[in-house]
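Q: Counting from 22, one number per residue, gives the positions in the sequence shown under our numbering. Input: one structure, supplied below.
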Amino acid sequence: MKDFIWNVDTKILFGKDFLKDLPKEIKKHGDRVLITYGGGSIKKIGLYDKVVKILEDANIFYKELGGIEPNPRVKSAREGVEIVRGNDLNFILAIGGGSVIDLSKLIAAATFVEADPWKVVIGEEKIKKALPIGTILTLAATGSEMDAGGVITNPDTKQKLGFGSPILKPKFSILNPETTYSVNEKHTVAGVADIMSHTMENYFTLGDDAYLQNRMAEAILKTCIHYGPIALEEPENYEARSNIMWASSWAINGLLKTGKSTNWSVHPMEHELSAFYDITHGIGLAILTPRFLKYILDDDTVDMIRDFGINVFDIKPTDDKFLDAKKAIGALHQFFESDLHIPMTLEEVGIDDEHLEEMAKRAAEHAGGTIKGVKELNADDVLKIYKDSLF
Ligand code: NZQ
Ligand code: ZN
């Protein structure tokens, strides 16, 4: 196991009744608040009214930025920075899923930068200071409620890129599984696939001796496999929604990668699909992951993939380890397709071969020339994985 430092200082308030703590938690960090949210789901479920009343009752000054889109666009960050500066705001309360939280992280950092917020995303402006953020999570998926990063889209350049800094970790996150009851089928399963993908990106590494971390990863994967279909069938099943919600935070809060040399592979490939076609992130990941595993299956990776099948999908080991590894990949594909009803081809989500080459080139370029995960992938490798995912 490699040396590591792990420090997540996000306070988690998990359960049905923590909204009332909002003023107390906010006042530890600020008193003039920017509330951020998406296209209106928080209004439909009554959460917006509750939050606003709590802030007003506590005499906390607030302004708001709504309309943040899925695959959030940099233009919303520009608007947010203006509102913050124009009103001397000193705290951001993000209410929503990953898109709202990610965009809020960019506002938090860009407020202290003279240049355009996009320069922060592309790394031309370093993140030295940021407004404190709190979150009320409404969709279990990205783990942005407990991590240091965000992903932002610039439609003008067709780029979707990640940025991050430890100072962007939320100061607190309120996680009430009941707020996810209203998440529709598509975003419920996309969320589960995203959580599984984060876990697998951390899990599939070679030679790290991180036995403990890998068993924890398997527990998260099994949790998703068990509760994902239940949440789909019974959207108001608290047990299912709560286990998925907590899995979301643990998949990406840094614990699973402690002591390991993780470099993510499938996310860089998916971000190009979202950048070009604005598809739902978790759906893209589900489509690509089995094809990626199939592509990297060789003498180096066979034991790793076979163990995944045995420990996560209860595949019975045989003497033919390649056969077992292929069964593992098949089980993952089958789970996404049959249990979560995810469309498992690029064709089904409206992607044809027109931009595959360009996307493959960009995926490699954005990763610094090659994607350096468990197996190094160049543009040609990525193209082959895209092509295999078409039909
Ligand atoms: O906009 P509203 O009206 O709120 O509707 C949203 C949106 O349409 C809806 N929704 C959210 N909570 C709901 C709800 N609908 C009903 N009831 C609720 N309680 O769900 C839709 C999708 O929301 P979004 O926030 O886009 O989903 P998600 O949480 O999956 O976030 C996806 C974004 O996060 C990025 C992705 O690339 C994508 O841009 N990621 C962020 C990461 C991070 N910060 O670490 C890592 C991830 O790998 C990922 O890349
Ligand atoms: Zn993800």
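Don't be surprised by glycine CBs; every beta carbon is placed ideally from N, CA and C. All of these numbers come straight from a predicted model, not from anything done at the bench.
Quick check on DSSP: helix, strand or coil for Gly390?
A: Numbered from its first residue, the sequence shown carries residue 390 at position 369. DSSP places Gly390 in coil when its eight states are reduced to three.
Q: Since Tyr83 sits in a beta bridge, which residues does DSSP pair it with?
A: Position 62 of the sequence shown holds residue 83. Tyr83 pairs with Val54.
Q: Need the endpoints of the beta strand (DSSP E) that Phe112 sits in, please.
A: Position 91 of the sequence shown, counting from 1, holds the residue named residue 112. Taken as a continuous stretch (DSSP letters only), the beta strand (DSSP E) holding Phe112 covers 112 to 117.
Q: How many angstroms separate the CA atom of Ile363 from the CA atom of Tyr202?
A: Against the sequence shown, residue 363 aligns to sequence position 342. Against the sequence shown, residue 202 aligns to sequence position 181. The straight-line gap from Cα to Cα measures roughly 19 Å.
Q: Is Ala162 near ligand 2 - that is, is its Cβ less than 8 Å away from at least one heavy atom of it?
A: Residue 162 sits at position 141 when you count from the first residue of the sequence shown. True, at least one ligand heavy atom lies under 8 Å from that Cβ.
Q: Going straight from the alpha carbon of Asn92 to that of Leu306, what length do you get?
A: Walking along the sequence shown from the start, residue 92 turns up at place 71. Walking along the sequence shown from the start, residue 306 turns up at place 285. Asn92 and Leu306: Cα-Cα distance of roughly 14 Å.
Q: According to DSSP, is Asn264 part of a helix, a strand, or is it coil?
A: Within the sequence shown, numbered from 1, the residue matching residue 264 stands at position 243. If DSSP states are grouped into helix, strand and coil, Asn264 belongs with the helices.
Q: Within 10 Å of its beta-carbon, does Arg106 have 16 or more other beta-carbons around it, so buried, or fewer, so exposed?
A: Here residue 106 refers to the residue found at position 85 of the sequence shown. Exposed is the call here.
Q: Whose C-alpha, out of Ala130, Lys126, Val204, is nearest the C-alpha of Glu166?
A: As a working note, residue 166 is residue 145 in the sequence shown. Ranking Ala130, Lys126, Val204 by Cα distance to Glu166 puts Lys126 first.
Q: Cβ of Glu206 within 8 Å of any heavy atom in ligand 1?
A: As a working mapping, residue 206 is identified with position 185 in the sequence shown. No, ligand 1 has no heavy atom inside 8 Å of this Cβ.
Q: Considering only the alpha carbon of each residue, which of Ala349, Gly170, Tyr259 lies closest to Gly275?
A: In the sequence shown, the residue the question calls residue 275 occupies position 254. Of Ala349, Gly170, Tyr259, the residue nearest in Cα terms is Gly170.
Q: Which residues mark the beginning and the end of the beta strand (DSSP E) in which Leu43 is found?
A: The sequence position of residue 43 within the sequence shown is 22, counting from 1. Careful: Leu43 lies outside any beta strand (DSSP E), inside the alpha helix (DSSP H) at 43 to 48.
Q: What is the rounded straight-line gap between the Cα of Val403 and the Cα of Asn205?
A: Counting from one through the sequence shown, the residue named residue 403 turns up at place 382. Counting from one through the sequence shown, the residue named residue 205 turns up at place 184. Near 31 Å, if we compare the C-alpha coordinates of Asn205 and Val403.
Q: Candidates Val323, Asp335, Ser410, Ile154: which alpha carbon is nearest Gly20's?
A: In the structure as shown, the chain starts at 22 and stops at 412, and residue 20 therefore has no counterpart that could be examined.
Q: With respect to 8 Å, is the separation between the Cβ of Gly303 and the closest non-hydrogen atom of ligand 2 below this value?
A: Reading the sequence shown from its first residue, position 282 is the one you call residue 303. Indeed, a heavy atom of ligand 2 lies less than 8 Å from the Cβ.
Q: Look at the alpha carbon of Lys347 and the alpha carbon of Lys315, and state the distance between them as a whole number of angstroms.
A: As a first step, residue 347 is located in the sequence shown; it is residue number 326 there, counting from the start. As a first step, residue 315 is located in the sequence shown; it is residue number 294 there, counting from the start. Distance between the alpha carbons of Lys347 and Lys315 is about 7 Å.
Q: Taking all protein chains shown into account, decide if Leu233 is buried (16 or more other Cβ within 10 angstroms of its Cβ) or exposed.
A: The residue you call residue 233 lines up with position 212 of the sequence shown. That one is exposed.
Q: Report the three-state DSSP secondary structure of Glu453 (helix, strand or coil).
A: Nothing about residue 453 can be reported from this structure: the residues present for the chain run from 22 to 412 only.
Q: By the 10 Å Cβ neighbour count, where 16 or more other Cβ atoms means buried, how is Thr156 classified, buried or exposed?
A: What you label residue 156 is simply residue 135 of the sequence shown in a count that begins at 1. Result: buried.
Q: With 16 as the cutoff for other CB atoms within 10 Å, does Leu114 come out buried or exposed?
A: Indexing the sequence shown from 1 puts residue 114 at position 93. Looking at its Cβ environment, which holds 16 or more other Cβ atoms inside 10 Å, Leu114 is buried.
Q: Roughly how many angstroms separate the alpha carbons of Phe412 and Glu375, rounded to a whole number?
A: On the sequence shown, residue 412 is found 391 positions in, with the first residue counted as 1. On the sequence shown, residue 375 is found 354 positions in, with the first residue counted as 1. Distance between the alpha carbons of Phe412 and Glu375: 14 Å.
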